[in-house]
Amino acid sequence: MLHKWEGIVLKVRAYGESNKIVTLLTREAGKVATMARGAKKPSSRLASVTQPFTYGVFMVQQHTGMGTLQQGEHLNSMRHIREDIMATAYASYIMELVERVVEEGKAEPFAFDVLLQALQAIEEGYDPEAITLFVEWKMLPYTGVQPVLHACAACGSVDGEFAYSFTQGGFLCHRCYHHDPYIIRLTPTQLKLIRMFYTVPIDQIGKLELKKETKYFIKKIITTIYEEQTGIRFKTKKFIEQLERTPELQLRTSADQKKMPEDH
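Residue numbers for the sequence shown follow my numbering, so the first one is 3 and each next one is one higher.
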């Protein structure tokens, strides 16, 4: 059966001398592995549409086992992401995260929208570090972790001061701090941002400007959740860490990124 799917190239690996195994995240069928025959040849009509980050329409012949990618048409090749090293690094991490946590074989329209909106935002020049925080928080439920962020995880209260508790799995109000001696206290802005990362669609955030310290603080929380509670380690994070230790790149990219007020 021949299918026409809207999709994003999640992962590519060589197979033999001229073929590629291309993993797509499609809106209609979820994560799908396909064989792209001859796609490693520069002259192949599949060569350009089987590059990572490519958003397009793909024709896939499905049969027993792995499907065959017959043809594809670009909707967005994500040129900025390919040409900017910081954008490439963060987009690669987002792709690895989604590829690791989404199971193959069923439609996942929410995950597809999160990935597409994230790539489009980075492509348009928005801060890739901030966009990555959105993806990390939004994809947590796919790991089996569903943090309680709308109220106190212990008593259900929605008012007061709050902190994050790893043992309680979400926010604790000041009346329940005794449940966890290792809480991480949050300012009202930090509380608001974490809720925004988890609940607000990326394409509805307007303009975004976050202080470096704020991003670092929230990144430490979400990184701890992934590392300690899901056990997932991501290879692409090492590349990001290397880039973050390169001051010249930080100065160049911070001047180029679109931003929005932190109190938005």
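Ideal Cβ placement from N, Cα and C applies to all residues, glycine included. Predicted model only: the values in this text are computed from it and were never measured.
- Message: For Tyr57, count the other beta carbons within 10 Å of its own beta carbon; 16 or more makes it buried, fewer makes it exposed. Which is it?
- Response: buried
- Query: Leaving out the 5 sequence neighbours to the left and right, which residues in its chain are closer than 8 Å to Glu30 when beta-carbon positions are compared?
  - Reply: His5, Trp7, Glu8 and Ala109
- Task: Kindly give me the distance between the Cβ atoms of Gly74 and Phe60, rounded to whole angstroms, as I take these residues to be in contact under 8 Å.
- Result: 5 Å
- Item | Pro2, buried or exposed, once every other Cβ within 10 Å from all chains shown has been counted against 16 | Because the chain is modelled from 3 through 266, residue 2 falls outside the range shown and cannot be assessed.
- Task: Go through the region 159 to 217 residue by residue and report every complete run of the alpha helix (DSSP H) that reaches 4 residues or more, in order.
- Result: 190 to 201
- Considering only residues of the region 27 to 86, which uninterrupted beta strand (DSSP E) runs meet the minimum length of 3 residues and lie entirely inside it, listed in chain order? 32 to 38, 57 to 63 and 69 to 78
- Whole-angstrom distance between Ala91 and Val62, CA atom to CA atom: 29 Å
- Message: By the three-class DSSP mapping on this structure, what secondary structure does Ile234 have?
- Response: coil
- Ala153 versus Met141: straight-line alpha-carbon distance, rounded: About 20 Å.
- Task: Return the bridge partner residues of Trp139 from the DSSP annotation.
- Result: DSSP output for Trp139 lists no bridge partner at all.
- Task: In the DSSP assignment, find the alpha helix (DSSP H) that holds Ile124 and state where it starts and stops.
- Result: Where Ile124 is concerned, the enclosing alpha helix (DSSP H) stretches over Pro111 to Glu125.
- Do you know offhand how far Arg47's Cα is from Gly162's? 59 Å
- Which of helix, strand or coil DSSP assigns to Leu4: strand
- Task: Kindly identify the DSSP beta-bridge partner or partners of Lys22.
- Result: Answer is Ala16 and Ala38.
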